[in-house]
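Residue numbers (our numbering): -12 to 418.
Structure first, then comments.
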């Protein structure tokens, strides 16, 4: 993606961020990846502006100062793929299938865990939305598509195609998390985003939806929050399968990660929800993958190894909690077992430390207090976190480690999503 202009100027392109759609990269990339001949007239002007701005900036970066003519823009708009002007959007690890069996939209898309799962089953993503700037950057690098920004804005929602088959969404879960304050719908910035999903379902009436959230949603406010969600989905015109909590470690990844799945079908399709069955575990007992299976095969950088001072701090912190009768504190996993759930923040890394004694160079590459510990205690790498969520090694990690941990910790576990989606799509007759 080296030819993508990324300067942020007062009147230039802003590639990433919640307002990226206002600068048209999301408009342009969606136009290129979807049926560009089927565009409503009121959006055509947005596309022309996007193409003119993108090509102007691209020429500037390539050191070309000739003006773009109206004919150049018209040709690029009407036949964008004939002039090799937009190759960067298609040189990606995860292109859409050439002959898709169905279409879906990817809301609260993160880095595209839902997208990979549904593409693996033959689907084409026709719209994506993600608020976080760094996640947008990763999404663009891997799918060639810039997600639209703030889904609460009509200027974002207006680009959702009229027709698509399935709505996918891992809507923000912090408001319901067992580890958080659990404000639920009282959390105006996160809890109420469910109602954006409801509004889109009412407006577009896709055949089905697939929603994912933390298992804490099931018991939040003594079950009343989930009851409210299910009532709203029913009122929006959908028969909802009784939600179920699935564990990622039962579907091919060595991570103990429980999440609630909510599946629904449009009522006029007259699908008997009793015919839907969540997938049986594919890996159990001795057949279950071990962390060793996803562990880095070679020695990793010393930067992932904890300092002696850091280790001492963790030991004291755990001792204080144990004395108070709490179970908080660092954990060193058995590499021949499964990892604990990877989550955003330091706790997600500190609960998934491991012993790896392959380090040969103990010279620090970052500022640390003390020295590198000699017991081999290290945190997992971002690539190991990616594998714990089922991301192939072809997935590009284009952000710094801190952002990568956040992105993978927030993602869905692809194999569990795919196994469940397969059941849903089979019942719909789409695969």
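Don't be surprised by glycine CBs; every beta carbon is placed ideally from N, CA and C.
Excluding sequence positions up to five before and after residue 343, its CB lies within less than 6 Å of the CB of 363, 365, all in the same chain and listed in chain order. Residue pairing for residue 341: DSSP places it in a beta bridge opposite 365. Membership of residue 199 in any alpha helix (DSSP H) is not indicated; the residue belongs instead to the beta strand (DSSP E) covering 195 to 201. Taking the C-beta atoms as reference points, residue 402 is found no nearer than 7 Å to residue 384. Taking C-alpha positions only, residue 339 is separated from residue 371 by approximately 11 Å. Here residue 289 carries a helix assignment [DSSP, helix/strand/coil]. For residue 126, the enclosing alpha helix (DSSP H) starts and ends at 120 to 130. Our two residues, residue 101 and residue 410, have alpha carbons roughly 15 Å apart in a direct line.
Its Cα nearest to that of residue 418, the residue 107 stands out among 107, 31, 77. Counted as a single uninterrupted DSSP element, the stretch harbouring residue 100 is not any beta strand (DSSP E) but the alpha helix (DSSP H) occupying residues 100 to 107. A check of alpha carbon separations from residue 258 across 67, 413, 377, 156 identifies 413 as the nearest. Shortest Cα-Cα distance from residue 251 to any of 232, 227, 267 involves 227.
Nearest Cα to residue 197 within the set 286, 209, 229: 229. Annotated three-state conformation of residue 113 is strand, per DSSP.
Ranked by Cα distance from residue 82, the first of 120, 126, 62, 66 is 126. Taken in chain order, the complete beta strand (DSSP E) segments of 3 or more residues contained in the region 237 to 274 are 245 to 253. With a 10 Å radius around the Cβ and a threshold of 16 neighbouring Cβ atoms, residue 323 comes out exposed. For residue 89, the uninterrupted beta strand (DSSP E) run begins and ends at 89 to 94, by DSSP. DSSP places residue 60 inside the alpha helix (DSSP H), whose first and last residues are 57 to 65. Of 334, 353, 295, the smallest CA-CA separation from residue 314 is found for 334.
Spatial neighbours of residue 93 in its own chain (CB-CB distance under 6 Å, excluding positions within 5 residues in sequence) are listed in chain order as 101, 102, 112, 115, 155.
In this chain, the beta strand (DSSP E) harbouring residue 225 covers 225 to 227.
At least 7 Å separates the beta-carbon of residue 391 from that of residue 240.
The Cβ atoms of residue 224 and residue 254 sit closer than 7 Å to each other.
In this chain, the alpha helix (DSSP H) harbouring residue 405 covers 401 to 415. Apart from sequence neighbours up to five positions away, the residues of its chain that approach residue 134 with a beta-carbon distance below 7 Å are 13, 96, 115, 116, 117, 123, 126, ordered along the chain. For residue 182, the closest of 148, 328, 220 by C-alpha to C-alpha distance is 220. Setting aside the 5 residues that flank it on each side, residue 192 is surrounded in the same chain by 224, 253, each with a C-beta closer than 8 Å to its C-beta; the list follows chain order.
A check of alpha carbon separations from residue 200 across 216, 348, 222, 415 identifies 216 as the nearest.
A distance of 7 Å or more separates the beta carbons of residue 377 and residue 295. Here residue 348 carries a coil assignment [DSSP, helix/strand/coil].
If you compare the alpha carbons of 306, 268, 280, 194 with that of residue 416, the shortest gap goes to 194. In the three-state scheme derived from DSSP, where H, G and I count as helix and E and B as strand, residue 156 is classed as strand. Secondary structure note for residue 397: its alpha helix (DSSP H) is the uninterrupted segment 388 to 397.
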